[in-house]
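One structure is given here, and the rest of the page talks about it.
Protein chains: 2
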Amino acid sequence: MQTAAAVADFRTYPKICDIADVRVLEDQILVQWVDGRVSPFHHLWLRDNCPCTECVYSVTREQVLEIVDVDANLSAASACIDQGNLSLEWSGGHRSQYDPGWLRAHAYDDESRAERRAAKPHSQLWDSRFQLPAFEYKAVMEDPNALLQWLLALRDSGLTQIRGVPTEPGSLALIAKRISFIRESNFGVLFNVQSKADADSNAYTAFNLPLHTDLPTRELQPGLQFLHCLVNDASGGESIFVDGFAIAHALRTEDPEAFRALCEIPVEFRNKDRHSDYRRLAPIIALDALGEVAEIRMANFLRGPFEASVEQMPLLYRAYRRFIAMTREDRFRLVKRLNPGELWCFDNRRTLHARNAFDPSSGARHFQGCYIDRDELLSRILVLQR
Amino acid sequence: MQTAAAVADFRTYPKICDIADVRVLEDQILVQWVDGRVSPFHHLWLRDNCPCTECVYSVTREQVLEIVDVDANLSAASACIDQGNLSLEWSGGHRSQYDPGWLRAHAYDDESRAERRAAKPHSQLWDSRFQLPAFEYKAVMEDPNALLQWLLALRDSGLTQIRGVPTEPGSLALIAKRISFIRESNFGVLFNVQSKADADSNAYTAFNLPLHTDLPTRELQPGLQFLHCLVNDASGGESIFVDGFAIAHALRTEDPEAFRALCEIPVEFRNKDRHSDYRRLAPIIALDALGEVAEIRMANFLRGPFEASVEQMPLLYRAYRRFIAMTREDRFRLVKRLNPGELWCFDNRRTLHARNAFDPSSGARHFQGCYIDRDELLSRILVLQR
Numbered sequence: 001m002q003t004a005a006a007v008a009d010f011r012t013y014p015k016i017c018d019i020a021d022v023r024v025l026e027d028q029i030l031v032q033w034v035d036g037r038v039s040p041f042h043h044l045w046l047r048d049n050c051p052c053t054e055c056v057y058s059v060t061r062e063q064v065l066e067i068v069d070v071d072a073n074l075s076a077a078s079a080c081i082d083q084g085n086l087s088l089e090w091s092g093g094h095r096s097q098y099d100p101g102w103l104r105a106h107a108y109d110d111e112s113r114a115e116r117r118a119a120k121p122h123s124q125l126w127d128s129r130f131q132l133p134a135f136e137y138k139a140v141m142e143d144p145n146a147l148l149q150w151l152l153a154l155r156d157s158g159l160t161q162i163r164g165v166p167t168e169p170g171s172l173a174l175i176a177k178r179i180s181f182i183r184e185s186n187f188g189v190l191f192n193v194q195s196k197a198d199a200d201s202n203a204y205t206a207f208n209l210p211l212h213t214d215l216p217t218r219e220l221q222p223g224l225q226f227l228h229c230l231v232n233d234a235s236g237g238e239s240i241f242v243d244g245f246a247i248a249h250a251l252r253t254e255d256p257e258a259f260r261a262l263c264e265i266p267v268e269f270r271n272k273d274r275h276s277d278y279r280r281l282a283p284i285i286a287l288d289a290l291g292e293v294a295e296i297r298m299a300n301f302l303r304g305p306f307e308a309s310v311e312q313m314p315l316l317y318r319a320y321r322r323f324i325a326m327t328r329e330d331r332f333r334l335v336k337r338l339n340p341g342e343l344w345c346f347d348n349r350r351t352l353h354a355r356n357a358f359d360p361s362s363g364a365r366h367f368q369g370c371y372i373d374r375d376e377l378l379s380r381i382l383v384l385q386r
Numbered sequence: 387m388q389t390a391a392a393v394a395d396f397r398t399y400p401k402i403c404d405i406a407d408v409r410v411l412e413d414q415i416l417v418q419w420v421d422g423r424v425s426p427f428h429h430l431w432l433r434d435n436c437p438c439t440e441c442v443y444s445v446t447r448e449q450v451l452e453i454v455d456v457d458a459n460l461s462a463a464s465a466c467i468d469q470g471n472l473s474l475e476w477s478g479g480h481r482s483q484y485d486p487g488w489l490r491a492h493a494y495d496d497e498s499r500a501e502r503r504a505a506k507p508h509s510q511l512w513d514s515r516f517q518l519p520a521f522e523y524k525a526v527m528e529d530p531n532a533l534l535q536w537l538l539a540l541r542d543s544g545l546t547q548i549r550g551v552p553t554e555p556g557s558l559a560l561i562a563k564r565i566s567f568i569r570e571s572n573f574g575v576l577f578n579v580q581s582k583a584d585a586d587s588n589a590y591t592a593f594n595l596p597l598h599t600d601l602p603t604r605e606l607q608p609g610l611q612f613l614h615c616l617v618n619d620a621s622g623g624e625s626i627f628v629d630g631f632a633i634a635h636a637l638r639t640e641d642p643e644a645f646r647a648l649c650e651i652p653v654e655f656r657n658k659d660r661h662s663d664y665r666r667l668a669p670i671i672a673l674d675a676l677g678e679v680a681e682i683r684m685a686n687f688l689r690g691p692f693e694a695s696v697e698q699m700p701l702l703y704r705a706y707r708r709f710i711a712m713t714r715e716d717r718f719r720l721v722k723r724l725n726p727g728e729l730w731c732f733d734n735r736r737t738l739h740a741r742n743a744f745d746p747s748s749g750a751r752h753f754q755g756c757y758i759d760r761d762e763l764l765s766r767i768l769v770l771q772r
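Quick mapping for you: the protein sequence lines, in order, are chains A and B. For reference, each letter of the first sequence is one residue, going 1 to 386 in my numbering. For reference, each letter of the second sequence is one residue, going 387 to 772 in my numbering.
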């Protein structure tokens with residue numbers, strides 16, 4: 001099935017069902033499957049997705065055909081089932097063959113689309129009773145299946161811990177690179193979370209930090225955050241986490257007007273020092289195309305003055321205060337002290353993190369952190385699942 | 387004015403107008419300015435923005451107060467003008483002072499908001515008659531004002547050229563770092579655009595590449611792209627650029643239904659090799675909160691099969707073909723051959739780029755490229771403008 005493989009790429013599309021019948025209509029072809037489903041495919045769609053080596057360059061597996069170069073009124077001159085494949089001859093003479101596994105996986109009748117939507121991974125919301133998914137450093141470094149299990153937990157629950165990580169500075173980079181390259185920021189490739197006299201953010205003080213996402217000052221907040229404990233002899237400084245998606249869902253039910261305000265009214269976040277001046281205006285809750293909560297953007301200490309209309313301002317304050325108040329409710333909070341050799345890895349755009357104040361005079365405290373984007377997480381999962 | 391500076395940060399807010407009068411209402415304070423403008427400020431907004439050293443940590447210039455810790459019904463017990471500042475005493479006893487320059491710059495009455503919106507930089511659309519903004523390497527490397535002029539041209543027109551760049555490999559990193567750190571991808575920190583036998587994208591062949599944005603397969607496409615010519619002895623391979631925003635605006639006027647389809651129907655882009663598998667579902671045209679065109683996402687050779695409802699599919703093909711056809715119209719296209727020592731720097735999310743096929747047997751051709759995000763461009767501009 002070489003022609004179909006050129007499009008199928010590194011993925012395989014097992015045959016779910018045979019093609020029972022094919023009918024050519026004016027602008028589309030009706031494929032009837034043995035299980036009774038009927039999938040319409042427009043002529044242009046099929047021509048666009050021709051997997052032959054003339055239309056797709058086999059080395060890169062990328063299309064060279066551009067559909068604009070085909071007559072808008074193109075239609076199939078003939079259509080048949082050939083050794084199980086859909087086989088077409090076009091009015092202009094070109095021939096195309098489609099593997100039934102690939103075709104079923106890309107059918108866009110309502111039933112097929114609903115089926116694919118239902119099969120997509122869903123976030124598993126959690127609260128204070130969350131059973132923290134913990135993984136061993138050695139297994140994640142050596143066993144691709146342990147790596148995959150960790151990454152799936154990260155994708156679906158947004159908070160994980162790794163134990164047994166060497167406490168040499170820089171060792172979090174080794175585990176981060178099991179996923180991919182690290183995302184740099186103005187704080188460096190790896191950043192050191194220590195109390196500093198010349199701090200350029202409250203993160204680098206001994207203050208308590210309220211629940212927040214990192215770098216809400218950027219158009220794309222970092223997808224994953226790693227926090228690796230090297231030394232933790234200071235009193236205080238416990239880590240606190242909440243599932244921002246769980247809070248957003250609760251707010252949506254308990255106060256829909258406040259929820260809408262946080263989805264619709266953009267807020268500015270900024271971080272400035274002598275060498276940089278980052279600002280980003282965006283709503284605190286972002287929804288995806290289906291209206292599902294996709295992202296939380298929140299760090300009170302990086303927030304600028306609200307700019308909304310005079311009429312909207314009281315609602316915005318009510319909604320903002322309510323959201324912050326919810327992050328403080330015990331029902332949502334997971335509180336844990338990180339020990340040397342342990343590492344948090346969490347979805348920075350979902351799981352808000354906080355730190356209790358610590359006493360730098362009581363002992364040393366040194367964490368290292370880094371970021372990786374969601375793109376790299378999802379790519380690594382797809383490669384491991386091949 | 388130390389208290390005001392703590393919030394004003396690295397920015398200064400010159401006094402535009404004196405405060406003439408202050409009135410305390412139930413949930414807000416009315417500030418009347420000498421020029422007659424009246425700006426309402428809610429009590430909560432003012433308390434939230436108190437710049438005193440108890441509320442803002444002066445080393446990091448970040449807020450430590452969280453507004454949720456203030457009584458929701460807080461109000462000012464007294465308000466007056468003190469040495470030109472707005473001076474408040476709160477019902478709980480705290481005192482706040484606001485510099486009139488800062489206050490005017492953050493007023494949210496309708497007039498002040500409209501004024502600020504009008505003052506924001508606007509994209510300057512261009513077509514085939516575009517006078518390409520070109521800058522000298524030496525000036526950009528040494529003179530902060532030349533650097534700023536280059537970056538403003540990049541922000542506002544989305545396409546610039548730098549001349550006189552050394553032709554040693556890696557020298558584009560020096561100029562990129564005048565802005566900030568480089569954004570890495572699976573193609574590396576710097577990528578080499580050469581014809582390769584084992585190409586993992588059509589970019590690394592000698593094929594013509596249709597007009598596209600780079601990495602539409604990522605949630606955030608890279609903001610800036612650098613392409614530096616080291617050697618160009620091969621025949622063919624001219625660079626072609628179009629202003630994607632200009633095309634989107636023309637489409638909006640000429641075929642609003644097609645424009646809406648490209649804004650609303652998401653399309654999958656993907657790039658896969660043995661080590662990565664990136665996919666991103668997003669519309670081809672993205673609008674900002676004000677409905678202005680903010681981003682184009684387009685690379686035919688990285689596009690997956692369309693998945694839309696059977697009813698929408700013909701419209702999506704019509705719109706997609708129309709957009710591609712417009713990128714081929716002479717009225718929009720700028721065609722230039724890049725010579726050794728010249729470098730393109732353009733807004734990858736706005737300016738589509740293409741390459742004519744070249745003949746690798748006719749001579750060597752070697753370009754190097756890298757990416758930087760829009761966040762870093764805007765930050766550098768703000769720092770240079772201080």
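Backbone N, C-alpha and C fix where the C-beta goes; we use that ideal spot for every residue, glycine too. Just so we're clear, the structure is a prediction, and the values are computed from it rather than from any experiment.
Proximal residues to residue i (C-beta, below 6 Å), its chain only, five neighbours per side dropped
i	result
A394/B	Bear in mind that a pLDDT of 49 at A394/B, under 50, signals an unreliable position, so the number given afterwards is only what the model happens to contain. The answer, listed in chain order, is W488.
I548/B	F521, Y523 and L729
M387/B	Confidence in M387/B is poor, its pLDDT being 34 and thus under 50, which makes the residue's placement unreliable; the coordinate value appears in the next sentence. The residues are D485.
H739/B	F627
A146/A	A139 and V140
R11/A	none
G470/B	P486
I16/A	R104
Of the residues the options, the one placed nearest residue i, counting alpha carbons only
i	options	result
E768/B	C55/A, L172/A, F259/A and N271/A	It is Leu, not Glu, that sits at residue 768/B in the sequence shown. Closest option to L768/B, Cα to Cα, is N271/A.
P14/A	D99/A, D200/A and L159/A	D99/A
G304/A	K582/B, L738/B, D434/B and S587/B	D434/B
F516/B	L764/B, F732/B and L720/B	L720/B
L764/B	L673/B, E693/B, A743/B and L534/B	L534/B
Q698/B	D109/A, L209/A and L315/A	D109/A
I651/B	A672/B, R638/B, R766/B and D663/B	A672/B
S509/B	R666/B, D761/B, D529/B and A680/B	A680/B
A636/B	F573/B, D586/B and M712/B	M712/B
A308/A	E452/B, L537/B and H492/B	H492/B
V387/A	C52/A, W45/A, E54/A and C80/A	A question about residue 387/A goes unanswered here, because the residues of chain A that appear run from 1 up to 386.
N594/B	A632/B, L616/B, D745/B and R490/B	D745/B
W296/A	N202/A, I324/A and R279/A	What sits at residue 296/A in the sequence shown is Ile, not Trp. The shortest Cα separation from I296/A among N202/A, I324/A and R279/A belongs to I324/A.
Y706/B	V70/A, Q28/A and C345/A	V70/A
A589/B	E762/B, H752/B, R723/B and Q771/B	H752/B
L474/B	E448/B, F612/B, R541/B and L416/B	L416/B
Close Cβ partners of residue i (< 7 Å) along its chain, the five nearest in sequence each way excluded
i	result
G550/B	E522, Y523, K524 and G727
P608/B	R569, D600, L601, N734, Y757 and D759
P169/A	L230 and Q368
8 Å contact criterion, which residue i and residue j should meet: CB distance rounded
i	j	result
N339/A	H212/A	N339/A to H212/A, Cβ: 23 Å. No contact.
S157/A	P133/A	6 Å
A77/A	W90/A	6 Å
L648/B	I670/B	4 Å
S112/A	S39/A	6 Å
Q688/B	F655/B	Strictly speaking, residue 688/B in this sequence is Leu, with Gln absent from that position. Rounded, the Cβ-Cβ distance is 5 Å, consistent with contact.
D529/B	R717/B	The pair is not a contact, with the Cβ atoms about 36 Å apart (cut-off 8 Å).
Distance cut-off 7 Å: residue i Cβ against heavy atoms of the ligand GDP
i	result
H212/A	Of the ligands one can find in the structure shown there are none, so the ligand GDP has no counterpart to examine.
Residues of its chain near residue i, where Cβ-Cβ distance is below 8 Å and the 5 sequence neighbours each way are ignored
i	result
A743/B	A592, F593, N594, G622 and G623
V34/A	C17, D18, I19 and A20
Going along the region 255-273 of chain A in order, which residues come within less than 7 Å of chain B, judged by CB to CB distance? P266 and K272
My parser needs the beta strand (DSSP E) runs of 3 or more residues fully inside the region 42-105 of chain A; what are they? 76-82, 85-90 and 95-98
Check each residue of the region 44-77 of chain A: if its Cβ is closer than 8 Å to any Cβ of chain B, include it; give the result in chain order. L44, W45, D48, N49, Y57, V59, T60, R61, E62, Q63, V64, E66, I67, V68 and A72
Taking beta-carbon pairs under 9 Å, can you tell me which members of the region 621-638 of chain B lie near chain A? none
Residue ranges of each beta strand (DSSP E) run of no fewer than 3 residues wholly in the region 708-748 of chain B, ordered along the chain? 720-722, 729-733 and 737-741
Return the residues of the region 592-608 of chain B that lie within a Cβ-Cβ distance of less than 7 Å from chain A, sorted by chain order. F593, P596, R604, E605 and L606
For the region 680-697 of chain B, which residues have a beta carbon sitting closer than 8 Å to at least one beta carbon of chain A? N686, F687, L688, R689, P691, F692, E693, A694, S695 and V696
Please specify which runs of the alpha helix (DSSP H), each continuous and at least 4 residues long, are wholly inside the region 508-583 of chain B, giving them in chain order. 523-528, 530-543 and 557-562
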